[in-house]
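First the structure, in the form of C-alpha cells, and then the observations on it.
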Amino acid sequence: MEKRRKVANPLALAVLAELLAEPMHPYEMGRRLQEHGKDRSFKYNRGSLYMVVEQLRKAGFIIEQETVRDTQRPERTVYALTEEGRQEFYNWMRELVSAPRHEYPHFGVALSLLSLLSPTEAAELLDRRLAALTAEAAEIRASVRGAVDGGVTWVFLVEEEYRLAVLDAERTFITQLIESLKQPDYVRAWQEIFGSRT
23 MEKRRKVANP
33 LALAVLAELL
43 AEPMHPYEMG
53 RRLQEHGKDR
63 SFKYNRGSLY
73 MVVEQLRKAG
83 FIIEQETVRD
93 TQRPERTVYA
103 LTEEGRQEFY
113 NWMRELVSAP
123 RHEYPHFGVA
133 LSLLSLLSPT
143 EAAELLDRRL
153 AALTAEAAEI
163 RASVRGAVDG
173 GVTWVFLVEE
183 EYRLAVLDAE
193 RTFITQLIES
203 LKQPDYVRAW
213 QEIFGSRT
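Written out as C-alpha cells, the structure reads:
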C-alpha cells in the first residue's frame, strides 16, 4: 500500500533531489529544473516552488542553512537537506520506481464516456489528438537527439524516453480506436442506441 507522505506534491521530490547535490536557494532550484528539462516532468511555477520548500521545511526534511545578502539581488535563503529529508527522498523514489500506481488521467475519463459521442465526431477528435501527439513525439525525439549529440548520458534522458514510449503506445492505441469507430457494425449499433438522442 502506498505510504501517506508528509509532503505529497511530486515537486517536493524534485526539490529534495536538487538539495542532494548541494544546499541552494529556491530560485536556483527552479533555474536548474528548467536548465535540465525537469520542468517537463514537474508542474510548477515560482509560487508553488516556494510553497513546497516551506512545506518541506515544516516537515523537517530541509533546513534554512544561511541567508545570502547580495547588494544587486534580494536576500535569499539557502536550504540544506536534513538526514530525514535524505531518507524521505530515497524511500519515496524506491516506492515510485518499484510499485505501479493507478493514476486517473483525463483522457481515461474521456475514453470511458466516448460512446456518447457519435462515431464520426469521436474519430475526428481522436484524429486531432493523434496529430498533436505526433508533433509532441517529434519534438521530444529532436530534443533527445540534440542532448545525446551534446554528450548527455542516456540515464539523464530516461524520463524523455519513457514519455516517448507512452506517446507511441497511445498513438498506436488511438490509430486502432479510430479504425474501430469507423467499422460499419459499430456505427450501426451506435445509431440504434444513441441516434435518437442526438
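For what it's worth, our numbering labels the leading residue of the sequence shown as 23, then goes sequentially. Just so it is clear, CB atoms sit at the ideal spot from N, CA and C, and this is done for glycine as well. Treat the numbers as computed from the prediction; the structure is a model and nothing was measured.
Tyr66 carries a coil assignment under DSSP once its states are collapsed to helix, strand and coil.
By the neighbour-count definition (other C-beta atoms within 10 Å, threshold 16), Gly130 is an exposed residue. With 16 or more other CB atoms across the displayed protein chains lying within 10 angstroms of its CB, Trp212 is buried. Relative to Pro45, the option among Arg150, Gly217, Ser202, Ile84 whose CA is nearest is Ile84. Closest by C-alpha distance to Glu88, out of Leu35, Pro48, Glu201, is Pro48. Residue environment for Tyr101: buried (at least 16 other C-beta atoms within 10 angstroms of its C-beta). With 16 or more other Cβ atoms inside 10 Å of its own Cβ, Met51 counts as buried.
Taking Glu40 as reference, the option from Asn67, Asn31, Phe111 with the minimal CA-CA separation is Phe111.
By the neighbour-count definition (other C-beta atoms within 10 Å, threshold 16), Val29 is a buried residue. Cα atoms of His58 and Asp149: separation of roughly 32 angstroms, rounded to the nearest angstrom. The Cβ neighbour count for Tyr126, taken over all protein chains shown within 10 Å, is under 16; the residue is labelled exposed. DSSP places Tyr126 outside both helix and strand once states are collapsed to three, so it counts as coil.
In the DSSP assignment, Thr156 falls within the unbroken alpha helix (DSSP H) covering 141–171. Under the 10 Å beta carbon count, Ala43 is surrounded by fewer than 16 other beta carbons and is classified as exposed. Judged by DSSP secondary structure, Arg27 falls outside any beta strand (DSSP E); it is assigned neither H nor E. According to the DSSP assignment, Glu105 belongs to the alpha helix (DSSP H) that extends over 105–120. Contact check between the segment 130–148 and the segment 177–189: fewer than three CB pairs, one atom from each, fall below 8 angstroms, which does not count as touching. Distances from the CA of Leu103 to each of Ala81, Ile200, Ser63 were compared; the closest alpha carbon is that of Ala81. In the structure shown, Thr99 falls within a strand segment according to DSSP collapsed to helix, strand and coil. Per the coordinates, the alpha-carbon of Val188 lies some 17 angstroms from the alpha-carbon of Ala164.
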